[in-house]
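Numbering (the working numbering), first residue to last: 4 to 105. The structure appears right after this line, and notes come after that.
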Ligand code: HEC
């Protein structure tokens with residue numbers, strides 16, 4: 004069975020909608036992260052990196068945004084997104100119990 008060609012773009016959109024489940028999904032940090040970081044690729048779960056690695060990635064992404072003509076993060080957006088990613092990073096300080104199920 005083959006998929007008729009006109010359907011392929013729709014399938015790509017639907018697959019792209021399968022988002023990573025984010026911690027505290029309604030928090031301002033999660034919302035800013037979704038809005039500013041989900042435009043070019045899927046969202047990476049905050050728990051995949053240490054806080055320091057997130058800082059490096061955010062710096063790199065500022066360059067990617069500049070390269071593609073996307074407005075860079077302003078100081079507030081950067082702070083909100085970094086705080087959110089740091090709070091859920093691999094090395095975030097929190098009790099082991101709250102990590103259950105990750
Ligand atoms: C303008 C498009 C664009 C936006 C917006 C963007 N990224 Fe990216 N991102 C890329 C591209 C292109 C790559 C792959 C190339 C690379 O890793 O340098 C990437 C890769 C990544 C990676 C994977 C790096 C790796 O080593 O596998 C992470 C993590 C990431 N982005 C995080 C973010 C975060 C956090 C934000 C929001 C602050 C963001 N991205 C916003 C374009 C973007």
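We treat Cβ as the ideally placed atom computed from N, Cα and C, and that holds for glycine. Note that this is a predicted model, so its numbers are computed, not measured.
- The distance from the Cβ of residue 36 to that of residue 84 is about 5 Å, consistent with a contact at the 8 Å cut-off.
- For residue 25, the shortest C-beta to heavy atom distance toward ligand 1 is 7 Å or greater.
- When the Cα atoms are used, residue 69 and residue 79 turn out to be separated by approximately 18 Å.
- Boundaries of the alpha helix (DSSP H) around residue 59: 54-70.
- Taking the CA atoms as reference points, residue 56 sits about 18 Å from residue 45.
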